[in-house]
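**Student:** Attaching a single structure in structure tokens format; questions to follow.
Numbering (the numbering used here), first residue to last: 41 to 515.
Written as structure tokens, this is what we have:
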């Protein structure tokens, strides 16, 4: 009995090993191993090499990948190509097309988003503006009056420096950190649930003129309003004025902000305070109040220069040091540098998708080429006989291409579905383009279709260039 059990166990073990050996020799696992190597090298290229070197490595790996197999199919003693290899190749070719299309759509969305961020209008000039943060430390600035006096004086003294066109202190830096969101109502009793929510920003006197932002209506805060903690005035953004009063004719109206009744004294163009790509309904609505209304220790200093903004860094630091050596500004950047810094997600992921999309496109083209080469090699005798019997080469070529494009068409359909799912994940990074942008999807599909068509037509045309007389002699 024990011997029979041992023999049965040995037999099952031998069957399992035989099955494992066949599996390890299968096209699927060989393709997966090759794809794994390519992806690993691709990740190293993208993360640790400069863009040009990374692109070169990715291109080299794509050329070495060879798609789903070589163009010389395995044949048996009778010269017949394995049907399993052809079926596996068709399936893998479709998978490659689908994955490539997903990456191409992702690349298109991220590139368009990056271009949108780079060219976005944030409501103020950025080319000549310097920005920095300053948090007042020490017991000296415990009284709010001391904080108000410091930032008002700092703006005035910096504005008097050579090469400075204007300076202001604000509680938020445009296109960067945003500000607190508060409900804004037209009158007492209006439900908070229906009131628009806006970004609350504090500013010193003359801030908009100093930053080159023109008024649409009314006036800015006066010096006395900016210093008086009891000031009950506000300057609203254009969109908030339209939302509350149906137009920019909001001057003289009253609004309720954080429980305080404020008179609207001016309307300015919308200024984007949140990082581009993170906007919500809040970021499109702004209400500005005098700095004294907030009285925070931490503020931002914005300096508009007459030339290069970076050249103002030293003089501004020196002026602040003269005012109080203890206070040191930080996060000092020109607005151009800040825009570049805050747009890194779009730039990074855009570059990543472009490089992976390019290598995937090359791999898909090579894979489809290999699959078609397998197919026409399998039908070589048949095609030769048909040519010998007078069938037009163009008709045979069209038939081969049409049949070979079916897996690519199925892969394209699956890829579009996968790209739609990917766009949901990328939605928080997109700016100025919808995740379901028809132009991007159509463009990626067209590129993938052209590559698949070329990869199908070239091997089919090459195979149909055979001499029919050779086939007849072989028969």
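For every residue, glycine included, the Cβ atom is placed at its ideal position computed from N, Cα and C.
Excluding the five sequence neighbours on either side, which residues of its own chain have a C-beta within less than 8 Å of the C-beta of residue 400, listed in chain order?
**Tutor:** Here residue 400 corresponds to residue number 360 of the chain shown, with the count starting at 1. Contacts found: 136, 139, 140, 143 and 144.
**Student:** What is the DSSP secondary structure of residue 206, counted as helix, strand or coil?
**Tutor:** Residue 206 sits at position 166 when you count from the first residue of the chain shown. Here residue 206 sits in strand by DSSP.
**Student:** Rounded to whole angstroms, how far is the Cβ of residue 344 from the Cβ of residue 250, which I believe are closer than 8 Å?
**Tutor:** In the chain shown, residue 344 corresponds to position 304, counting from 1. In the chain shown, residue 250 corresponds to position 210, counting from 1. Yes, residue 344 and residue 250 are in contact; Cβ-Cβ is about 6 Å, under 8 Å.
**Student:** Cα separation between residue 361 and residue 487?
**Tutor:** Walking along the chain shown from the start, residue 361 turns up at place 321. Walking along the chain shown from the start, residue 487 turns up at place 447. Distance between the alpha carbons of residue 361 and residue 487: 58 Å.
**Student:** Go ahead and pull the three-state DSSP assignment for residue 242.
**Tutor:** Looking up residue 242 in the chain shown gives position 202. If DSSP states are grouped into helix, strand and coil, residue 242 belongs with the strands.
**Student:** Residue 328 to residue 174, Cα distance in whole Å?
**Tutor:** On the chain shown, residue 328 is found 288 positions in, with the first residue counted as 1. On the chain shown, residue 174 is found 134 positions in, with the first residue counted as 1. Distance between the alpha carbons of residue 328 and residue 174 is about 20 Å.
**Student:** Measuring CA to CA, which of 477, 166 and 187 is closest to residue 331?
**Tutor:** As a first step, residue 331 is located in the chain shown; it is residue number 291 there, counting from the start. Out of 477, 166 and 187, 187 has the C-alpha closest to the C-alpha of residue 331.
**Student:** Considering only DSSP beta bridges, list what residue 171 is partnered with.
**Tutor:** In the chain shown, residue 171 corresponds to position 131, counting from 1. Answer by DSSP bridge pairing, in chain order: 342 and 373.
**Student:** How is residue 107 classed by DSSP in three states: helix, strand or coil?
**Tutor:** Here the question's residue 107 lines up with position 67 in the chain shown. Residue placement at residue 107 is flagged as unreliable, the pLDDT there being 42, under the threshold of 50; the coordinate-derived value follows with that caveat. Reduced to three states, the DSSP call for residue 107 is coil.
**Student:** Can you tell me the Cα-Cα spacing of residue 200 and residue 485, whole angstroms?
**Tutor:** Within the chain shown, the letter at position 160 stands for residue 200. Within the chain shown, the letter at position 445 stands for residue 485. Their Cα atoms are separated by approximately 58 Å.
**Student:** Please state the DSSP three-state secondary structure of residue 115.
**Tutor:** Sequence index remark: in the chain shown, residue 115 carries index 75 (1-based). The predicted model places residue 115 with a pLDDT of 43, which falls under 50 and marks its position as unreliable, so this point remains unresolved.
**Student:** For residue 225, which beta-bridge partners are listed by DSSP?
**Tutor:** If you number the chain shown from 1, residue 225 lands on position 185. DSSP, once it has assigned bridges, lists 296 as partnering residue 225.
**Student:** Need the endpoints of the beta strand (DSSP E) that residue 326 sits in, please.
**Tutor:** For this step, residue 326 is matched to residue 286 along the chain shown. Looking at the DSSP string, the run of the beta strand (DSSP E) that includes residue 326 is 326 to 330.
**Student:** Strictly by DSSP, which residues pair up with residue 216?
**Tutor:** Here residue 216 refers to the residue found at position 176 of the chain shown. Residue 216 pairs with 314.
**Student:** Hey, could you find the ends of the alpha helix (DSSP H) residue 449 is sitting in?
**Tutor:** As a first step, residue 449 must be located in the chain shown, where it is residue number 409. 433 to 466 is the span of the alpha helix (DSSP H), which, as asked, contains residue 449.
**Student:** Would you please state the rounded distance, in angstroms, between the beta carbons of residue 306 and residue 255? I believe it to be under 8 Å.
**Tutor:** Residue 306 sits at position 266 when you count from the first residue of the chain shown. Residue 255 sits at position 215 when you count from the first residue of the chain shown. Contact holds; Cβ gap of about 5 Å.
**Student:** Output needed for residue 236: all residues of its chain with C-beta closer than 8 Å, excluding positions within five of it in sequence on either side, in chain order.
**Tutor:** As a first step, residue 236 must be located in the chain shown, where it is residue number 196. These residues qualify, in order along the chain: 223, 224, 280, 283, 284, 321 and 325.
**Student:** Does the region 145 to 158 come within contact of the region 295 to 305, defined as at least 3 CB pairs closer than 8 Å?
**Tutor:** no
**Student:** Considering residue 273, what are the terminal residues of the beta strand (DSSP E) in which it resides?
**Tutor:** Taking the chain shown and counting its residues from 1, one reaches residue 273 at position 233. That run of the beta strand (DSSP E) goes 273 to 277.
**Student:** Output the distance between the C-alpha atoms of residue 501 and residue 481, rounded to the nearest integer angstrom.
**Tutor:** Counted from its first residue, the chain shown places residue 501 at position 461. Counted from its first residue, the chain shown places residue 481 at position 441. Computed Cα separation, rounded: 30 Å.
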